[in-house]
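Quick note, the sequences are listed as chains A and B, same order.
All you need for the working numbering is the position in the first sequence, starting with 1, plus 217.
All you need for the working numbering is the position in the second sequence, starting with 1, plus 54.
Below you'll find the structure, written out as structure tokens, and then a few comments.
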Amino acid sequence: MNKGVIDIPWSLLAAGYLLMIIPLLIFKYYKTGLVKPTLWALLRMTVQLLLVGLYLEYIFKWDNPYINLLWVLIMTIVASYTVVKRTGLKLKFFFWPSLLATFLSIVLIDYYFLGFIIGLKNIFTARYFIPITGMLLGNSLKNVIIALDSYFKRIYDETTSYRWQLADGATQEEALLPFISFALKRAFNPLIATTAIMGLISLPGMMTGQILGGSDPMIAVKYQIMILVVIFASTSLNVWLTILFTNKIAFDKWGNLKNDIFSKSQ
Amino acid sequence: MQEKIIEIRNLRVKFKDKVLYNGLNADIYKNEKVAIAGESGSGKSTLINVLLGFIPQFEGEITIDGKKLSPKYINEIRKITALVPQELNFSVFPTVKKLFFRPFEFKANKHLFPSQQEIKDIFDKFELDINLLNHSIKEISGGQKQRIVLASAVLLKKPILYLDEPTSALNTEIKNKITDYILGLKNTTVIASTHDEYFINNAQKVIKL
Numbered sequence: 218m219n220k221g222v223i224d225i226p227w228s229l230l231a232a233g234y235l236l237m238i239i240p241l242l243i244f245k246y247y248k249t250g251l252v253k254p255t256l257w258a259l260l261r262m263t264v265q266l267l268l269v270g271l272y273l274e275y276i277f278k279w280d281n282p283y284i285n286l287l288w289v290l291i292m293t294i295v296a297s298y299t300v301v302k303r304t305g306l307k308l309k310f311f312f313w314p315s316l317l318a319t320f321l322s323i324v325l326i327d328y329y330f331l332g333f334i335i336g337l338k339n340i341f342t343a344r345y346f347i348p349i350t351g352m353l354l355g356n357s358l359k360n361v362i363i364a365l366d367s368y369f370k371r372i373y374d375e376t377t378s379y380r381w382q383l384a385d386g387a388t389q390e391e392a393l394l395p396f397i398s399f400a401l402k403r404a405f406n407p408l409i410a411t412t413a414i415m416g417l418i419s420l421p422g423m424m425t426g427q428i429l430g431g432s433d434p435m436i437a438v439k440y441q442i443m444i445l446v447v448i449f450a451s452t453s454l455n456v457w458l459t460i461l462f463t464n465k466i467a468f469d470k471w472g473n474l475k476n477d478i479f480s481k482s483q
Numbered sequence: 055m056q057e058k059i060i061e062i063r064n065l066r067v068k069f070k071d072k073v074l075y076n077g078l079n080a081d082i083y084k085n086e087k088v089a090i091a092g093e094s095g096s097g098k099s100t101l102i103n104v105l106l107g108f109i110p111q112f113e114g115e116i117t118i119d120g121k122k123l124s125p126k127y128i129n130e131i132r133k134i135t136a137l138v139p140q141e142l143n144f145s146v147f148p149t150v151k152k153l154f155f156r157p158f159e160f161k162a163n164k165h166l167f168p169s170q171q172e173i174k175d176i177f178d179k180f181e182l183d184i185n186l187l188n189h190s191i192k193e194i195s196g197g198q199k200q201r202i203v204l205a206s207a208v209l210l211k212k213p214i215l216y217l218d219e220p221t222s223a224l225n226t227e228i229k230n231k232i233t234d235y236i237l238g239l240k241n242t243t244v245i246a247s248t249h250d251e252y253f254i255n256n257a258q259k260v261i262k263l
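Structure, rendered in structure tokens:
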């Protein structure tokens with residue numbers, strides 16, 4: 218079963234955009250103010266993906282481990298930048314810990330999955346290394362943002378609980394435990410829920426893509442299962458390491474949360 | 055001669071728009087019951103926060119149990135203290151049980167874990183129903199929360215107990231009963247920031263700000 222995928226001609230790709238008339242009309246009728254942002258998002262999505270398509274063609278053609286690694290490093294930098302920006306924390310304090318955590322979690326999980334499970338001799342093979350890492354980064358991003366955001370905002374909003382524990386003899390690690398637990402619950406409850414209903418309500422994107430590309434459905438399913446496991450593992454590792462590393466810089470030597478870690482006043 | 059447990063020398067705390075205490079000196083002796091009194095905004099709660107190392111930008115010198123209040127000794131100092139905060143936002147602890155037992159989970163306090171009888175006795179004294187422990191933190195009132203945290207702090211039996219407006223959410227009858235109990239604690243130095251006349255009149259020392 219290897220029929221290959223049917224290409225979409227450029228003219229029909231353009232015709233596909235006509236479907237967007239439906240949301241745009243709805244948004245306009247109800248005066249949502251969403252028409253402009255939707256058009257802008259659509260334009261960005263199109264340009265970005267076409268560019269990705271262009272340079273991925275070259276990256277796949279060259280298949281040079283160093284270029285592949287550089288490409289992943291750039292993706293990691295963009296991901297860490299996005300995480301810190303979206304959480305309202307100061308880049309100068311949080312960018313490096315976030316980058317280190319993201320890079321370590323990606324490298325470890327990629328190494329295990331591509332090297333051991335898939336059994337690639339060279340884990341930097343562009344065809345596997347780049348899309349898998351891209352999926353890991355893309356899928357863990359949202360959860361890392363939620364975790365980091367709820368973690369620091371909750372410590373700030375509930376300084377009383379944090380200080381109360383310190384005042385009663387907790388070490389800093391002990392006093393932060395309920396906050397880490399809270400942040401993990403916030404970040405992982407949605408992921409647990411979507412993992413549990415996978416295949417019932419939605420067919421995940423990667424599997425659909427593989428089936429469209431001519432793969433045997435069972436092979437596509439096996440990859441999808443592994444990808445979900447790998448996303449879960451790398452997200453949790455990323456969240457945990459990010460919190461661990463940022464703890465080193467977010468508190469003063471008395472154990473107090475520093476006042477100037479937020480880029481916007483809270 | 056009585057032994058000092060806290061010495062405050064020339065304390066000043068600068069904030070952006072004001073200076074607090076302007077050279078406060080005070081000695082607090084072991085097991086003394088001290089009220090910190092003063093107008094709103096005079097820095098009663100802030101003083102407790104300074105003594106616990108939560109406001110590091112203070113000037114002057116503070117010694118607690120022979121140790122200088124400094125990053126070097128702050129963990130040692132916090133091992134001999136307990137706090138009942140004024141603000142009672144504890145939503146990070148989902149249940150009353152988690153909140154009540156949390157301090158006994160710390161390495162420094164594990165050996166202080168109270169017996170069933172001790173818990174029952176303190177709940178009776180503070181007019182708390184033992185079944186409250188099974189409730190969610192959102193289901194109980196401010197007054198109940200205050201007494202739960204106070205009960206937990208008392209059972210920790212730490213040498214220094216800081217109370218920040220400890221009876222602010224309680225009605226007069228129970229407030230005076232609990233104040234009597236706190237002022238009668240044998241081996242505890244109690245330092246309370248308070249507006250409450252009954253507490254101030256019955257404390258052994260008043261630091262007026």
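Using N, Cα and C, we set each Cβ at its ideal position, and we do this for glycine too.
{"Check": "Whether K151 of chain B touches L204 of chain B by CB criterion (7 Å)", "Outcome": "no"}
{"Check": "Bridge partners - E115 of chain B, DSSP secondary structure assignment", "Outcome": "B:R63"}
{"Check": "Span of the beta strand (DSSP E), counted from its first residue to its last, around Y83 of chain B", "Outcome": "73-83"}
{"Check": "DSSP three-state assignment for Y216 of chain B, whether helix, strand or coil", "Outcome": "strand"}
{"Check": "Which listed residue (A:G431, A:A437, A:F312) has its alpha carbon closest to that of G416 of chain A", "Outcome": "A:A437"}
{"Check": "Pairwise C-alpha distance: G114 of chain B and F69 of chain B", "Outcome": "15 Å"}
{"Check": "Other residues of its chain near F312 of chain A: CB distance less than 7 Å, five sequence neighbours each side excluded", "Outcome": "S297, Y298, V301"}
{"Check": "Limits of the beta strand (DSSP E) - the one that K262 of chain B falls within", "Outcome": "259-262"}
{"Check": "Which listed residue (A:N476, A:Y275, A:G472) has its alpha carbon closest to that of K126 of chain B", "Outcome": "A:G472"}
{"Check": "Endpoints, the beta strand (DSSP E) within which L236 of chain A is located", "Outcome": "Element bounds for L236 of chain A: n/a, residue is neither H nor E."}
{"Check": "Burial state of Y379 of chain A (16 or more Cβ within 10 Å)", "Outcome": "buried"}
{"Check": "Residues near L259 of chain A in its chain [Cβ-Cβ closer than 8 Å; skip 5 each side]", "Outcome": "Y234, M237"}
{"Check": "Bridge partner(s) assigned by DSSP for F479 of chain A", "Outcome": "A:L306"}
{"Check": "With 16 other Cβ atoms within 10 Å as the buried cut-off, status of Q427 of chain A", "Outcome": "buried"}
{"Check": "Candidates B:I116, B:A162, B:P148, B:N143: closest to E130 of chain B by CA position", "Outcome": "B:A162"}
{"Check": "4 or more residues per run - each alpha helix (DSSP H) lying fully within the segment 118-169 of chain B", "Outcome": "128-132, 150-155"}
{"Check": "Cβ separation of L166 of chain B and F158 of chain B, assumed to be a contact under 8 Å, to the nearest whole Å", "Outcome": "6 Å"}
{"Check": "Classification of K212 of chain B by the beta-carbon crowding that lies within 10 angstroms, buried from 16 upward", "Outcome": "buried"}
{"Check": "CB contact check: K121 of chain B to chain A, cutoff 7 Å", "Outcome": "no"}
{"Check": "Rounded distance between the beta-carbons of I340 of chain A and G332 of chain A, thought under 8 Å", "Outcome": "5 Å"}
{"Check": "Boundaries of the beta strand (DSSP E) in which K87 of chain B is found, first to last residue", "Outcome": "87-91"}
{"Check": "Contact belief for T463 of chain A with P254 of chain A at Cβ below 8 Å, rounded distance in angstroms", "Outcome": "Contact flag wrong, Cβ pair sits at about 31 Å."}
{"Check": "Alpha-carbon to alpha-carbon, V222 of chain A and G430 of chain A", "Outcome": "5 Å"}
{"Check": "Simplified DSSP assignment, three categories, for G332 of chain A", "Outcome": "helix"}
{"Check": "Nearest to D178 of chain B (by Cα), restricted to the options B:A91, B:K231, B:L237, B:A257", "Outcome": "B:K231"}
{"Check": "Cα-Cα separation, I294 of chain A to A343 of chain A", "Outcome": "19 Å"}
{"Check": "Residues that DSSP places opposite I236 of chain B in a beta bridge", "Outcome": "The partner list for I236 of chain B (beta bridge, DSSP) is empty, contrary to what the question assumes."}
{"Check": "Outcome for G107 of chain B when other beta-carbon atoms lying within 10 angstroms are tallied against a minimum of 16", "Outcome": "buried"}
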